Amino acid sequence: MRPALRVRPRGAAARWRAHATLTRIYDLTLHSRSRATSTFYDDLADLLFQTVDEERIQRDHLLPDLPNAEANPIDYRMEGKRGGQVFLYGVPNRDKARLTTIILSHFHRNHLDFDSILVFSDQAEIPRMDLARLSDVGGDMLSSLASRGDFRRKVERRVG
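Residues 103 to 262, numbered by the numbering used here, are exactly what the sequence shown covers, in order.
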């Protein structure tokens, strides 16, 4: 007796099922990445508010006298110990690293007096060239939120 032949789907139906499966996998990956980014920003805010009084922090700040200010938001702005401004940016991924590089470069071109602190979700995940460009324009950097003691030390040194 011959074994029953398996009928494999062909053509458009098989391609559609493969596409639907890949789409579900991509959606789950994107959702996980989006959730991790959201958690990173929540954790960053919690750590910052544990370190500096909330009334001393301006979130999503725009500099009013800066040309094109709405295109150059600051995650967190604080008054520095020595009278200058301190800008803190959360950097969860390559895209934010690139955007932060552009924003800080814009501030330097406009001769703003500021210090910056850049906090990465995982600095090792940022491509080397993007990290090099960001290092050129950025100030203090923290490789991840796991460096809580270093975070407090750097923020307190700048802000008090």
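For every residue, glycine included, the Cβ atom is placed at its ideal position computed from N, Cα and C.
This structure is a prediction, so every number in the text was calculated from the model and none was measured.
Checklist entry - Around the Cβ of Thr203, are there at least 16 other Cβ atoms within 10 angstroms (buried) or fewer (exposed)? => result For the purposes of this step, residue 203 is identified with residue 101 of the sequence shown, where counting begins at 1. With a 10 Å radius around the Cβ and a threshold of 16 neighbouring Cβ atoms, Thr203 comes out buried.
Checklist entry - So is Ala222 buried or exposed if we call it buried at 16+ other beta carbons inside 10 Å? => result In the sequence shown, residue 222 corresponds to position 120, counting from 1. What sits at residue 222 in the sequence shown is Phe, not Ala. With 16 or more Cβ atoms within 10 Å of its Cβ, Phe222 is classed as buried.
Next on the checklist: According to DSSP, simplified to helix, strand and coil, what is Ser218?
Outcome noted: Looking up residue 218 in the sequence shown gives position 116. The answer is strand: DSSP assigns Ser218 an E or B state.
Checklist entry - Between Val193 and Leu220, what straight-line distance do the alpha-carbon atoms span, to the nearest angstrom? => result Indexing the sequence shown from 1 puts residue 193 at position 91. Indexing the sequence shown from 1 puts residue 220 at position 118. Straight-line Cα distance between these residues: approximately 7 Å.
Checklist entry - Based on the DSSP secondary-structure assignment, which residues constitute the bridge partners of Arg184? => result Mapped onto the sequence shown, residue 184 falls at position 82. None; Arg184 has no bridge partner.
Checklist entry - Could you give the residue range of the alpha helix (DSSP H) that holds Ile205? => result For the purposes of this step, residue 205 is taken as the residue at position 103 of the sequence shown. First-last of the alpha helix (DSSP H) with Ile205: 196-211.
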